[in-house]
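Top to bottom, those sequences are chains E and Z.
Residue numbers for the first sequence follow this note's numbering, so the first one is 952 and each next one is one higher.
Residue numbers for the second sequence follow this note's numbering, so the first one is 215 and each next one is one higher.
Where a beta carbon is used, it is the ideal one built from N, C-alpha and C, also for glycine.
All values reported here derive from a predicted model rather than from experimental measurement.
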Amino acid sequence: MPEAKNLPDAEVLCTALADAMRGHVDPAATVLVGIHTGGVWVAERLHAALGLKRPSGSIDVSFYRDDFNQRGLHANARTSQIPFDVEGAHIVIVDDVLYTGRTIRAAMNELFDYGRPAKIDLAVLADRGGRELPVAPSFCPHALSLPATQMLALERADDGTLAFRLVDK
Amino acid sequence: MSAFGKSHSPQLNSHGELQHLLTIEGLPREVLTRILDTAAPFSEVAEREVKKVPLLRGKSVFNLFFENSTRTRTTFEIAAKRLSADVINLNINTSSANKGETLLDTADNLAAMHADMFVVRHASSGAPYLIARHMAATGRDHIHVVNAGDGRHAHPTQGLLDMYTIRHYKKDFTQLTVAIVGDVLHSRVARSQIHALTTLGVPEVRVIAPKTLLPTGIERLGVRVFHDMREGLRGVDVVMMLRLQNERMQGALLPSTQEYFKSYGLTPEKLALAKPDAIVMHPGPMNRGVEIDSAVADGGQAVILPQVTFGIAVRMAVMAMLAGN
């Protein structure tokens, strides 16, 4: 994997992201919602690093995707789990990579079907550019620019280590 | 070449994706498993403040019921509405069929109203297939057809929701003994259940019924036949009761319903012969005191009401998968 040399270290970015969020979250009240699958891994790290008291949620945006009419239903749709009252909550949506912004729109639409949050922030490990919607991260320790032919994927090793990999589409 | 072109099954498109759901027979195990897997996240939607997801927003689903049904039509309607589709219900009693319009004319007229999906129940076996073939032959293969029960042939969503229920309680199909009890002869539900169970790898499927309520050659579907209910229930993990279909009875197949209950009604005593953790299922509507004792229907082993709830999620999964293919 020669290109891996130029990629950011996901473990370092997890720590940097937690540092950026500290002071902006209330451990007793703030809740995280990870987007399947990478975002759920990152949310687990943040939850521990920030000492959050309330359980995190997870979202699979398959039912809210805007490309359903072109691509059909995603083959491995999973159950979204929101183990807290969304009404009035401070929610941080957590994802691995921010790209077009469409996934984040879908996640926000889904969250609003559970209630009306007081505030939603967005935390991502990396912003790769290429936005198609007016979405900006609240917390993001790394920005890079990638051509549309490449995808930045977060992977988790058996020992739990997170690492980025470039995938040609 | 048929109007469906080269695809192996009229239900699958050229990519092997589900285009219509007409019968479980012949569907690969992967397709059945994918439907069950997809239904799981849909069941969670019912727990939300807003019990809706936007997948079928702007789509029109026509419930075409040429035969009476309350539960099936209602659960299809709820499923479509929870997918944000617009739902139009048509019942035979108020439709043009009584004025002489043919099945395909009815379908053509609804297609001209920009239908995206037909959910069809009909007393004649093959009616949904006829509509699907007609749509394909006339270049309207973007319209999907779901069979909601046709004659004695098939009731695939019932079969699928039964499989979802079994998997929910028993996890692994490949270790189970399942008994289907009752009027197999007239039952489209039984046919769909048998095809689903054998496709999903259930090693022993039993049917328990009097000779007069069994179709000839049922063994060819891969089932063991029992005429003695006590013998057939011994050691089973799942008991799937069928409704005694009074309205479909022709001639005297049975001496009396009391007599039937004595031999084939599920009582606590007979259920005790199954495994202690066996579950009892029934597709509804139940005839209490005919095929099932109230003590069993309302007892701790019955999962009859969860079946209804799961049916909504399974129908959501089927409609969402079809609409996306």
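Annotated as proximal: Z:F524 and Z:S257, with beta-carbon spacing under 8 Å. The C-beta distance from Z:M443 to Z:K484 rounds to 6 Å, short enough to fall under 8 Å.
In the same chain as Z:G365, and ignoring 5 residues on each side of it, the C-beta atoms closer than 8 Å to its own belong to H336, A337, S338, S339, G340, A341, R402, in chain order. Following the DSSP letters along the chain, one finds Z:V494 inside the beta strand (DSSP E) bounded by residues 493-495. Non-local beta-carbon contacts of Z:K384 in its own chain, meaning distances under 8 Å to residues more than five positions away in sequence, involve L390, D451, V452, I493 in chain order. For the segment 265-287 of chain Z, the residues whose beta carbon sits under 8 Å from a beta carbon of chain E are, in order, K266, V267, P268, L269.
Around the CB of Z:T426, fewer than 16 other CB atoms lie within 10 Å, so the residue is classed as exposed.
In the structure shown, E:S1013 adopts helical secondary structure according to DSSP, grouped into three states.
Here the alpha carbon of E:R1022 sits roughly 13 Å from the alpha carbon of E:Y1015. Secondary structure of E:N957 (DSSP, three-state): helix. Chain order gives no chain Z residues near E:S1009, where near means a beta carbon separation below 8 Å; the closest approach is about 11 Å. A straight-line Cα-Cα distance of about 11 Å links Z:I380 and Z:Q407. By the criterion of at least three beta-carbon pairs nearer than 8 Å, the segment 1086-1096 of chain E is in contact with the segment 966-973 of chain E.
In the structure shown, Z:H367 adopts coil according to DSSP, grouped into three states.
The contact set of E:R1029 on chain Z, defined by CB atoms closer than 7 Å, consists of P255 in chain order. Scanning its chain for C-beta atoms nearer than 6 Å, with the 5 sequence neighbours on each side dropped, one finds around Z:L324 the residues F276, in chain order. Close CB contacts of Z:R287 within its chain, under the 6 Å cut and outside five residues either way in sequence, are with N277, F279 (chain order). Taking CB atoms only, Z:T252 has a neighbour in chain E less than 8 Å away. Residue environment for Z:R434: exposed (fewer than 16 other C-beta atoms within 10 angstroms of its C-beta).
DSSP places Z:H409 within a helical segment (H, G or I) once states are collapsed to three. Taken through DSSP and simplified to helix, strand or coil, E:D1018 comes out as coil. As computed with DSSP, Z:Q233 is found in no beta bridge at all. Take the alpha-carbon of Z:T430 and the one of E:A1058: they are about 54 Å apart. In the DSSP annotation of this structure, the continuous segment of the alpha helix (DSSP H) that includes Z:D251 starts and ends at 243-259. Among the residues facing chain Z, E:F1014 is included, as its CB has a counterpart in that chain under 8 Å away. Annotated as distal: Z:V392 and Z:R354, with beta-carbon spacing of 8 Å or more.
Around the C-beta of Z:H367, 16 or more other C-beta atoms lie within 10 Å, and the residue is accordingly described as buried. Nothing from the segment 324-352 of chain Z brings a Cβ to less than 9 Å from some Cβ of chain E. Taking the Cα positions, Z:I422 is about 6 Å away from Z:V439. Cβ-Cβ separation between Z:K266 and Z:A299: approximately 10 Å, too far for a contact (criterion under 8 Å).
Annotation for E:V993: no beta strand (DSSP E) segment contains it, though the alpha helix (DSSP H) segment containing it runs 989-1000.
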